[in-house]
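Peer 1: My structure is below; once you've seen it, I'll send some questions.
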Amino acid sequence: MQPSRRHAPIHAPFALQYLSPAQRAVLRAPVLGEIYFNLTPALATIATAAPSAQVVMEQLQAEPIIEVWTSPTPVRYGHAEGIQFACNEGVLFGCYTQPLDVAAFEPQVSAAYNAVLKLQRAQGYPHLLRLWNYFPHIAYEVGELDRYKRFCRARAAALAPQYGQASAKLPAASAVGSHGGELVIYFMAATLPGHQRENPRQVSAYCYPAQYGPRSPSFARATLTPDAQLLISGTASIVGHESRHIGDVAAQLNETLENLRAVIETTARDEGVGFDGLRSLREIKIYLRNPADYGRVRAQLDALLPAHVARMYLHADICRKELLLEIEGVASAR
Ligand code: 3EB
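Here the numbering used here is used: the first residue of the sequence shown is 7, the next is one more, and so on.
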């Protein structure tokens, strides 16, 4: 791929905003999609055709916010393959939500991913940039395998025809346990390819050894979009492939921030983007296993991150039982 972004900045085809319900009500930009975490969409929002999803995850910060992906240009809305979608000249945003099929979870996940791939082909957005996956009881075990490992197996099987087994072309992703509700998968795909990024401190997730499940997780640590936004996957206290600092949330947070810093700084170095470490973060979601850790994690992050970094704290279930938190986000140069 050409490093053309060094010379010709491409206009951003999307922006992420964390909005209060009041701010959302007066938003004028076209909406690509919006995600409600334990919030009921206002009637005005439902009346639009924009893709949306509700995720059963409690927000822990004082003011609830809505995750809103906007477009600088008019969007076209549609519905196909069970996916609500919006697209502009650069990106396709889609939401797939369906009641969880507990008895046939893996076929359901495969069908969802096949639907995503089919929609991309039909609409002409061949490059997946970023995916989010939420479902309840992520740690629920049937036989040897918990629901997350089953999810990974089904996702890998569905993506294999397109991406192969352990592909450096896989998009960035998050897969996090909700506390009820539907299987929610939303994604952004683009007409132009992003650059997939890994973390030198971590084994690539798609190369994790078999102890973490029969099929490795199919995701990149981040995707650098053609307009130089860095879409960073869920990031946790993992070094190599092992969880670190069992039982110590403060140390897990520090390790997680080291991982985020490594992804941002190696991307800046290798891709020639003017990131400034953690100061380049714009919006982050902090998933906490234990809501009782909120005060301490917030205090630690407030001391480390500049005030301009927008934060959403969520009470979530994390895929490895020893992980107490996970952080995802978007970084960009000023
Ligand atoms: C990890 O690094 C933590 O399966 O899509 C983070 C981001 C995690 C995405 C996924 C899993 C996923 O392995 C867990």
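Cβ atoms here follow ideal geometry from the backbone N, Cα and C, with glycine treated the same way.
With Glu332 as the anchor, note down where its beta strand (DSSP E) starts and where it stops.
Peer 2: For the purposes of this step, residue 332 is taken as the residue at position 326 of the sequence shown. Its beta strand (DSSP E) spans residues Leu331 to Ser338.
Peer 1: Please state the DSSP three-state secondary structure of Lys341.
Peer 2: What the structure shows of the chain is the stretch from 7 to 340, and residue 341 is not part of that stretch, so it cannot be assessed.
Peer 1: Expressed to the nearest angstrom, what Euclidean distance is found between the alpha-carbon atoms of Tyr169 and Asn94?
Peer 2: As a working note, residue 169 is residue 163 in the sequence shown. As a working note, residue 94 is residue 88 in the sequence shown. Answer to the nearest angstrom: the Cα atoms are 25 Å apart.
Peer 1: Quick one: is Thr350 buried, meaning 16 or more other Cβ sit within 10 Å of its Cβ, or exposed?
Peer 2: As shown, the chain starts at 7 and ends at 340. That puts residue 350 outside it, with no answer to give.
Peer 1: So, with DSSP's three-state summary, where would you put Tyr169?
Peer 2: Within the sequence shown, the letter at position 163 stands for residue 169. The answer is helix: DSSP assigns Tyr169 an H, G or I state.
Peer 1: Give a yes or no on contact between the stretch 287-296 and the stretch 116-130, applying the rule of three or more CB pairs nearer than 8 Å.
Peer 2: no
Peer 1: From the DSSP output, read off the bridge partner residues of Arg127.
Peer 2: Reading the sequence shown from its first residue, position 121 is the one you call residue 127. Partner(s): none; Arg127 has no beta bridge.
Peer 1: Can you tell which of Leu230, Pro105 and Leu33 has its C-alpha closest to the C-alpha of Glu271?
Peer 2: Translated into positions along the sequence shown, residue 271 becomes position 265. Selected option, being the one with the closest Cα: Leu230.
Peer 1: Of the choices Ala109, Leu137 and Val108, whose alpha-carbon is the least far from that of Val122?
Peer 2: For the purposes of this step, residue 122 is taken as the residue at position 116 of the sequence shown. Measuring from the Cα of Val122, the nearest candidate turns out to be Leu137.
Peer 1: For His13, collect the residues of the same chain with a Cβ closer than 7 Å to its Cβ; drop the 5 residues on either side in sequence, then sort them by chain order.
Peer 2: The residue labelled residue 13 in the question sits at position 7 within the sequence shown. Confidence at His13 is low in this model, with a pLDDT of 42, below 50, so the placement of that residue should be treated as unreliable; the coordinate-derived value is given next. Nothing meets the Cβ criterion.
Peer 1: Considering only heavy atoms of the ligand 3EB, does any lie closer than 7 Å to the CB of Cys213?
Peer 2: Within the sequence shown, residue 213 is the residue found at index 207, counting from 1. Checking the Cβ of Cys213 against the ligand 3EB gives no.
Peer 1: Tell me which residues share the same chain as Ile106 and place their Cβ nearer than 7 Å to its Cβ, disregarding the 5 neighbours each side in the sequence.
Peer 2: Position 100 of the sequence shown holds residue 106. In the sequence on display, residue 106 carries Leu and not Ile. The answer, listed in chain order, is Phe141, Pro142, Glu188 and Leu189.
Peer 1: Check whether the stretch 308-320 and the stretch 265-279 are in contact - that is, three or more C-beta pairs closer than 8 Å.
Peer 2: no
Peer 1: For the ligand 3EB, is there any heavy atom lying closer than 7 Å to the beta carbon of Ile292?
Peer 2: Counting from 1 along the sequence shown, the entry for residue 292 is found at position 286. Because no heavy atom of the ligand 3EB lies under 7 Å away, the Cβ of Ile292 does not count as near it: no.
Peer 1: What is the residue span of the beta strand (DSSP E) that Glu40 lies within?
Peer 2: Indexing the sequence shown from 1 puts residue 40 at position 34. Per DSSP, Glu40 belongs to the beta strand (DSSP E) from Val37 to Phe43.
Peer 1: What residue range does the beta strand (DSSP E) around Leu137 cover?
Peer 2: Residue 137 sits at position 131 when you count from the first residue of the sequence shown. First-last of the beta strand (DSSP E) with Leu137: His133 to Pro142.
Peer 1: Pick from Leu236, His185 and Gln60: whose alpha carbon is nearest that of Cys101?
Peer 2: For the purposes of this step, residue 101 is identified with residue 95 of the sequence shown, where counting begins at 1. Here the closest residue by C-alpha is Gln60.
Peer 1: Quick one: what's got a C-beta closer than 7 Å to Leu25's C-beta in the same chain, skipping five residues either side?
Peer 2: Here residue 25 refers to the residue found at position 19 of the sequence shown. Around Leu25: Leu33, Ile71, Ile72 and Val74.
Peer 1: Report the three-state DSSP secondary structure of Ala68 (helix, strand or coil).
Peer 2: Position 62 of the sequence shown, counted from the start, is the residue given in the question as residue 68. Correct three-state label for Ala68: coil.
Peer 1: Could you spell out where the beta strand (DSSP E) holding Ile324 opens and where it closes?
Peer 2: As a first step, residue 324 is located in the sequence shown; it is residue number 318 there, counting from the start. No beta strand (DSSP E) contains Ile324, which DSSP labels as neither H nor E.
Peer 1: Taking 7 Å as the cut-off, is the beta-carbon of Asn260 closer than that to any non-hydrogen atom of the ligand 3EB?
Peer 2: Numbered from its first residue, the sequence shown carries residue 260 at position 254. Outside the cutoff, so no.
Peer 1: To which residues does DSSP link Ala299 through a beta bridge?
Peer 2: Within the sequence shown, the letter at position 293 stands for residue 299. Sequence check: residue 299 is Asp here, not Ala. Beta-bridge pairing links Asp299 to no other residue.
Peer 1: Between the Cα of Glu87 and the Cα atoms of Ala56, Lys124, Leu134 and His17, which residue gives the shortest distance?
Peer 2: Counting from one through the sequence shown, the residue named residue 87 turns up at place 81. The option with the nearest alpha carbon to Glu87 is Lys124.
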